[in-house]
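Numbering (my numbering), first residue to last: 8 to 136.
Scroll down for the structure; my scribbles are underneath it.
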């Protein structure tokens, strides 16, 4: 899985791979935060931009890019920070993610995406569906 894993803290540079459960939770949580940011910033941009499409796009793109950098830095060492089923499938196809783990990653990402969209809708008092 590439450079995934945390250093063991013993000074010899060995990496410790987190358990599958921790990796799946990391994918779920990271995807939820990413989707909450994308959807939430889109809703907020639409409310604040007054119909200016360029301003709406800017108001959605900047927060999305910033949160993506933060999430990759936080969750990259834990799970690889895929946050997207297509990315997980590509890693599985290339042999960098065991195919037995890919289904779990994809399920965690889909459920995290739903949770993130629901969170954004709740924040802005919109219906969940």
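Ideal placement from N, C-alpha and C gives every residue a C-beta, glycine not left out.
Per-residue DSSP class, three states only, for residue i
i           : result
residue 29  : helix
residue 22  : strand
residue 103 : coil
residue 37  : helix
residue 57  : coil
Exposure label - residue i; buried when at least 16 CB within 10 Å
i           : result
residue 103 : exposed
residue 69  : exposed
residue 132 : exposed
residue 41  : buried
residue 146 : In the structure displayed, the chain extends from 8 to 136; residue 146 sits before or after that span and is not available.
Residue i vs residue j beta-carbon contact at 9 Å
i           : j          : result
residue 110 : residue 39 : no
N- and C-terminal bounds of the alpha helix (DSSP H) containing residue i
i           : result
residue 135 : Run containing residue 135: none; DSSP gives neither H nor E here.
residue 98  : 92 to 100
residue 82  : 60 to 86
residue 128 : 106 to 130
Notebook entry, point to check: Would you call the region 39 to 48 and the region 73 to 85 in contact, with 3 or more CB pairs under 8 Å?
Noted result: These segments touch.
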